[in-house]
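Structure first, commentary second.
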Amino acid sequence: MRPLRLGVAGLGTVGVGVVDMLRRHRDLLVSRCGRGIDIVAVGARDRGRDRGVDLSPYRWIDDARAMADDPGIDVVVELIGGEEGVARDLVMASVGAGRHVVTANKALLAVHGTEIAAAADAAGVHVGYEAAVAGGVPIVKALREGLAGNAVRRVYGILNGTSNYIMTAMRDSGAPFDDMLAEAQRLGYAEADPALDIGGGDAAHKLAILAAVAFRRPVDLDGVHVEGVEAIAPMDIAYAREFGYRIKLLAIAQKGEHGVEQRVHPCMVPLDGPIAPVDGVFNAVVVEGDFAGAVSLVGRGAGAGPTASAVVADVVDIARGARLPMFNVPASELAASPGASIERRHGAYYIRLMVIDRPGVIADISAILRDGAISVGSLLQRGRDPGETVPVVMTTHEADEAAMRGALGRIAALDSVTEPPMTVRIEQL
Ligand code: HSE
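In the numbering used here, the protein residues as written are 1269 to 1697.
So this is what it looks like as structure tokens:
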């Protein structure tokens, strides 16, 4: 069989990783695919930049969009990024022209994924995007293939390595958030715009994609409730430990009685669960299938090697003739089932209040919680500083989010409460 011919658009860390992997594993891939995989063309913004790899064997294409119509290319590998602009034009035009596509672009798929899936079905091409979700962790393959016979109840995990690195480093060092974010940026973990990492947007992109694969519904980024980790203080991490938890930025999609919930926010998870030990830049994804039970995958969610590994796996699929529907079913069968709002959450909470140390404060807070039918599990006040601000922390038993929000609004309005309450949802995951 003749070799599969690739055009690689975008030569940043991941693009260079792909070139390197395809070169180093050429023979291995020929035996695995029964044919060669040849890069025939590459393109990026800056031709002159030294990328540390020899690109001279490949045709250089200045405007990546031209790859879509290039009869010498079978598969366009889009590693440019961004939900609009060149990346979107290239993917849509390539699919329209009957070319297979492999992309690492989570933002593009989170926003335009359903439209791309419909176009791919119409053209009969394969669109691979393993690298868009959790880098080297093969979660899309697990959902679409290994677990394809299961109805999925829940898929959740750590989908942003930068936030996980920051939470881990704060726990280990006791240092504040900003210092650890600067460290993550120095180490090259964060996105160009770190607000996407720490604000939860990056994890939301990935979760919206996974929820479409798992729950047979269109990609629904607007339906994801998103909160980031910026407000977590070192003392919250220390209190979490005292209560037997770790704080992680979790992405959770699950089917409940009110519809499909999609949410990204900091969570306290028990120390003995599958998520708590996943530290540093590692990602973890757990799928709960009705027949398989819980299946966990842990690995590196970013970086040249892991992301190239996912891109090349998609290329191998195409070389072997795979033509899978993008989101596990034909796009025409992605049905807009209802989404459940965060107000429907029923669960436990950690609350930290900064209060003036004076008699009656706890009584006022307890009365509000009692009125909201919210039951306190544990309560701690450390230190004694009459007239000054001290932290009071508590965990609650399971309560409705809507009731909790109402109670927190009333608590925040008390004279003795000096800062907005800090809350972290507790998940037994
Ligand atoms: N910036 C992302 C993260 C990696 O920190 O996990 C790429 O998606």
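We put the beta carbon where it would ideally sit given N, CA and C, even for glycine.
* Limits of the alpha helix (DSSP H) - the one that Met-1289 falls within -> The residue labelled residue 1289 in the question sits at position 21 within the sequence shown. Segment 1281–1292, the alpha helix (DSSP H) holding Met-1289.
* To do: Tell me where the beta strand (DSSP E) around Glu-1510 begins and ends.
  => Here residue 1510 is taken as the residue at index 242 of the sequence shown, counted from 1. It is not in any beta strand (DSSP E) - Glu-1510 instead sits in the alpha helix (DSSP H) that spans 1502–1511.
* Asked: Under 8 Å from any heavy atom of the ligand HSE, does the C-beta of Tyr-1457 make it?
  -> The residue labelled residue 1457 in the question sits at position 189 within the sequence shown. Yes - the ligand HSE has a heavy atom lying nearer than 8 Å to the Cβ of Tyr-1457.
* Asked: Using a threshold of 8 Å, is the CB atom of Leu-1347 nearer than that to any non-hydrogen atom of the ligand HSE?
  -> The sequence position of residue 1347 within the sequence shown is 79, counting from 1. No, the Cβ of Leu-1347 stays beyond 8 Å of every heavy atom of the ligand HSE.
* Ser-1246 and Ala-1471: beta carbons closer than 9 Å? -> Residue 1246 is absent from the structure shown; the chain starts at 1269 and stops at 1697.
* To do: Mind checking who Gly-1607 pairs with in its DSSP beta bridge?
  => Numbered from 1 along the sequence shown, position 339 holds the residue referred to as residue 1607. Answer is Val-1528, bridged to Gly-1607.
* Asked: Since Asp-1639 sits in a beta bridge, which residues does DSSP pair it with?
  -> The sequence position of residue 1639 within the sequence shown is 371, counting from 1. In the DSSP output, where bridge partners are listed per residue, Asp-1639 has none listed.
* Asked: Comparing the CB of Ala-1565 with every heavy atom of the ligand HSE, is any distance shorter than 8 Å?
  -> The residue given as residue 1565 occupies position 297 in the sequence shown. Per the sequence presented here, residue 1565 reads as Leu, with Ala not at that position. Flag unset: Cβ of Leu-1565 not near the ligand HSE.
* Cα-Cα separation between Gly-1381 and Asp-1668, rounded to whole angstroms -> By 1-based counting over the sequence shown, the position of residue 1381 is 113. By 1-based counting over the sequence shown, the position of residue 1668 is 400. Computed Cα separation, rounded: 33 Å.
* To do: Mind the definition here: the segment 1548–1557 touches the segment 1631–1640 only if three or more C-beta pairs lie below 8 Å; say whether that holds.
  => no
* Examine the ligand MN and report whether any of its heavy atoms sits within less than 8 Å of the Cβ of Ser-1577. => In the structure on display, the ligand MN does not appear, and the ligands it does have are the ligand HSE.
* **Identity of the residue in Leu-1279, Leu-1323, Arg-1292 nearest Glu-1346 by Cα** => In the sequence shown, residue 1346 corresponds to position 78, counting from 1. Answer by Cα proximity: Leu-1279.
* Sheet register partners of His-1493 (DSSP bridge) -> Within the sequence shown, residue 1493 is the residue found at index 225, counting from 1. Looking at the DSSP assignment, His-1493 forms a beta bridge with Arg-1531.
* Contact between the segment 1500–1514 and the segment 1477–1492: three or more CB pairs below 8 Å? -> no
* To do: Leaving out five residues on either side along the sequence, give the residues of the same chain with a beta carbon under 7 Å from the beta carbon of Ala-1387.
  => Translated into the one-based positions of the sequence shown, residue 1387 becomes position 119. Hits under 7 Å: Met-1360, Val-1363, Gly-1364.
* Asked: Is there at least one non-hydrogen atom of the ligand HSE closer than 8 Å to the beta-carbon of Lys-1516?
  -> In the sequence shown, residue 1516 corresponds to position 248, counting from 1. No.
* Asked: Taking 8 Å as the line, does the beta carbon of Lys-1409 fall inside it for any heavy atom of the ligand HSE?
  -> Here residue 1409 corresponds to residue number 141 of the sequence shown, with the count starting at 1. It does not: the Cβ of Lys-1409 is nowhere closer than 8 Å to a heavy atom of the ligand HSE.
* Asked: Near Arg-1239, which residues of its chain fall below 7 Å by C-beta distance, leaving aside the five closest residues on each side in sequence?
  -> Residue 1239 is absent from the structure shown; the chain starts at 1269 and stops at 1697.
* To do: May I have the straight-line CA-CA distance separating Ala-1336 from Val-1286, to the nearest angstrom?
  => As a first step, residue 1336 must be located in the sequence shown, where it is residue number 68. As a first step, residue 1286 must be located in the sequence shown, where it is residue number 18. One C-alpha to the other measures close to 19 Å.
* To do: Mind checking which residues open and close the beta strand (DSSP E) that includes Gly-1541?
  => Along the sequence shown, one-based indexing puts residue 1541 at 273. Careful: Gly-1541 lies outside any beta strand (DSSP E) and carries neither H nor E.
* **CB of Pro-1659 within 9 Å of CB of Met-1622, strictly** => To locate residue 1659, count along the sequence shown from 1; it is residue 391. To locate residue 1622, count along the sequence shown from 1; it is residue 354. Contact flag set, yes.
* **Cut-off 7 Å between Cβ atoms - residues of its own chain near Tyr-1457, not counting five sequence neighbours on either side** => Here residue 1457 refers to the residue found at position 189 when the sequence shown is read from its first residue. These residues qualify, in order along the chain: Gly-1429, Thr-1430, Tyr-1433, Val-1549, Ala-1570.
* To do: Please list, in chain order, all residues of the same chain as Gly-1253 whose beta carbon is under 8 Å from its beta carbon, the five residues on each side excluded.
  => The question about residue 1253 has no answer, for the chain in this structure spans 1269 to 1697.
* **Span of the beta strand (DSSP E) around Gln-1649** => The residue given as residue 1649 occupies position 381 in the sequence shown. Its beta strand (DSSP E) spans residues 1644–1649.
* Asked: Using the C-alpha atoms, what's the distance from Asp-1331 back to Ile-1341?
  -> As a first step, residue 1341 must be located in the sequence shown, where it is residue number 73. As a first step, residue 1331 must be located in the sequence shown, where it is residue number 63. Rounded to the nearest angstrom, the two C-alpha atoms are 15 Å apart.
* Any idea if Met-1269 is buried or exposed, counting beta-carbon neighbours within 10 angstroms, 16 or more meaning buried? -> Position 1 of the sequence shown holds residue 1269. With fewer than 16 Cβ atoms within 10 Å of its Cβ, Met-1269 is classed as exposed.
* Val-1549 beta carbon near the ligand HSE (any heavy atom closer than 8 Å) -> On the sequence shown, position 281 is the one that residue 1549 refers to. Yes, the ligand HSE has a heavy atom inside 8 Å of this Cβ.
* To do: May I ask which residues mark the beginning and end of the beta strand (DSSP E) holding Gly-1567?
  => Walking along the sequence shown from the start, residue 1567 turns up at place 299. 1561–1568 is the extent of the beta strand (DSSP E) around Gly-1567.
* Counting along the chain, where does the alpha helix (DSSP H) carrying Leu-1376 start and finish? -> By one-based count along the sequence shown, residue 1376 stands at place 108. That run of the alpha helix (DSSP H) goes 1374–1391.
* Within 10 angstroms of its Cβ, does Ser-1564 collect 16 or more other Cβ (buried), or is it exposed? -> Working through the sequence shown from its first residue, we reach residue 1564 at position 296. Exposed is the call here.
* So does Leu-1296 have its beta carbon nearer than 8 Å to some heavy atom of the ligand HSE? -> Your numbering for residue 1296 matches position 28 in the sequence shown. Not so, every heavy atom of the ligand HSE lies at least 8 Å from the Cβ.
* Asked: Rounded to a whole number of angstroms, what is the C-alpha to C-alpha distance between His-1473 and Arg-1650?
  -> Here residue 1473 refers to the residue found at position 205 of the sequence shown. Here residue 1650 refers to the residue found at position 382 of the sequence shown. Cα-Cα distance, rounded: 39 Å.
* The beta strand (DSSP E) enclosing Tyr-1433, as first and last residue numbers -> Mapped onto the sequence shown, residue 1433 falls at position 165. Premise fails: Tyr-1433 lies in the alpha helix (DSSP H), 1429–1441, not in any beta strand (DSSP E).
* **Residues bridged to Tyr-1424 [DSSP beta-bridge criterion]** => The residue you call residue 1424 lines up with position 156 of the sequence shown. Tyr-1424 pairs with Ile-1520, Val-1554.
* Asked: How would you write the range of the beta strand (DSSP E) that Met-1690 sits in, first residue to last?
  -> Here residue 1690 refers to the residue found at position 422 when the sequence shown is read from its first residue. Segment 1690–1694, the beta strand (DSSP E) holding Met-1690.
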